[in-house]
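Down below is the structure, laid out as C-alpha cells.
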Amino acid sequence: MSKPIRILAADDHPMIREGIAAIIQTQADMDLVGEASNGVEAIEKFSQLRPDVTLMDLQMPDMTGIDVIKAIRLKYSEARILILTSYSGDTNAVRALKAGAYGYLLKSTLRRELLDAIRTVHGGRKRIPSDIAAEIAEHAGGDELSEREMEILGRLAAGGSNKQIAVRLGISEQTVKAHMKSILAKLGAQDRTQAVMLAIKRGIISV
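Okay, so the sequence shown: first residue is 1 according to full-length UniProt numbering, each after it adds one.
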C-alpha cells in the first residue's frame with residue numbers, strides 16, 4: 001500500500017478543525033498529522049511536519065491565509081495548499097492561486113467535497129469550484145482596482161462620505177470623486193451602494 005496522504009489543517013475555529021478531523025479519520029489513505037490555529041503557527045507546523053497537503057483558512061489571526069501561502073511557498077516551492085474559506089469571491093480565489101495555492105474550497109461544501117479535493121491537490125492538479133472558475137473567467141482581463149481605490153471602497157463601505165474619506169486619507173474631496181468615478185467604471189456599478197455590494201461579493205474588500 002502507498003503511504004497515507006499527510007495533512008495539516010490550519011483554521012482558527014476549533015469546530016472546523018474538529019469537522020475536518022472527523023472526515024479525514026474515516027479514510028485509510030489519509031492522516032491528519034497536525035493542526036494550527038493561526039498563521040504563524042501554520043508556518044511553524046508546516047516546517048516541522050512537511051505535510052503532503054495543507055488545508056488553509058483564508059482569514060486567520062496574525063496573518064492571512066494568502067500571506068501564509070506566500071511565506072511557505074517561498075521556502076518550500078513544492079507545498080500543496082488547499083484554501084478553505086467562507087468567501088466565494090473570484091478576487092480572493094485569484095489572489096490565493098497567484099500566491100501558490102493549488103485549490104480553493106468553500107467551507108459549506110467540506111462534507112461532500114473535501115476528500116476529493118485533497119486527493120486532487122495531492123495528485124498535483126488544481127481544484128476550483130465551477131461557479132468560482134466561471135466568475136474568474138468572467139472578470140479576466142478587467143481593470144484591477146488600485147490600492148488607493150480599494151482603500152476608498154473600504155472606507156465607503158464603513159459609511160464614510162466623500163468629505164470624511166478625503167480628510168481621513170489626506171487628499172482633496174475632488175480626488176475622492178475622481179477615484180469613485182474610476183471605481184464605478186471598473187466594477188460596472190451604477191452607484192456607490194452597488195459598487196460596495198459588488199466589491200464585497202467578489203472579495204475585493206471585506207467588512
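For each residue, glycine too, the CB sits at the ideal point set by N, CA and C.
These figures come from a predicted structure and were not determined experimentally.
Check: List the whole-angstrom C-beta distance separating LEU55 from ILE20, where the pair is believed to meet the contact cut-off of C-beta under 8 Å.; Outcome: 6 Å
Check: Given a cut-off of 9 Å, decide if GLU149 and ASN89 are closer than it, judged by their beta-carbon atoms.; Outcome: Note that residue 89 is Gly in the sequence shown, not Asn. It is not a contact, given that the beta carbons lie outside the stated cut-off.
Check: What are the start and end residues of the alpha helix (DSSP H) that includes ARG155?; Outcome: 147 to 157
Check: Where does the unbroken alpha helix (DSSP H) through GLU113 begin, and where does it stop?; Outcome: 110 to 122
Check: How big is the Cα-Cα spacing for LEU153 and VAL33?; Outcome: 41 Å
Check: Does the structure place the segment 167 to 179 close enough to the segment 115 to 135 that three or more beta carbon pairs sit under 8 Å?; Outcome: no
Check: Alpha carbon to alpha carbon, what distance is there between THR26 and ARG50?; Outcome: 22 Å
Check: Comparing C-alpha positions only, which one of VAL176, SER86, TYR104 sits nearest to PRO129?; Outcome: TYR104
Check: Looking only at DSSP bridge pairs, what is ASP31 linked to?; Outcome: ARG6
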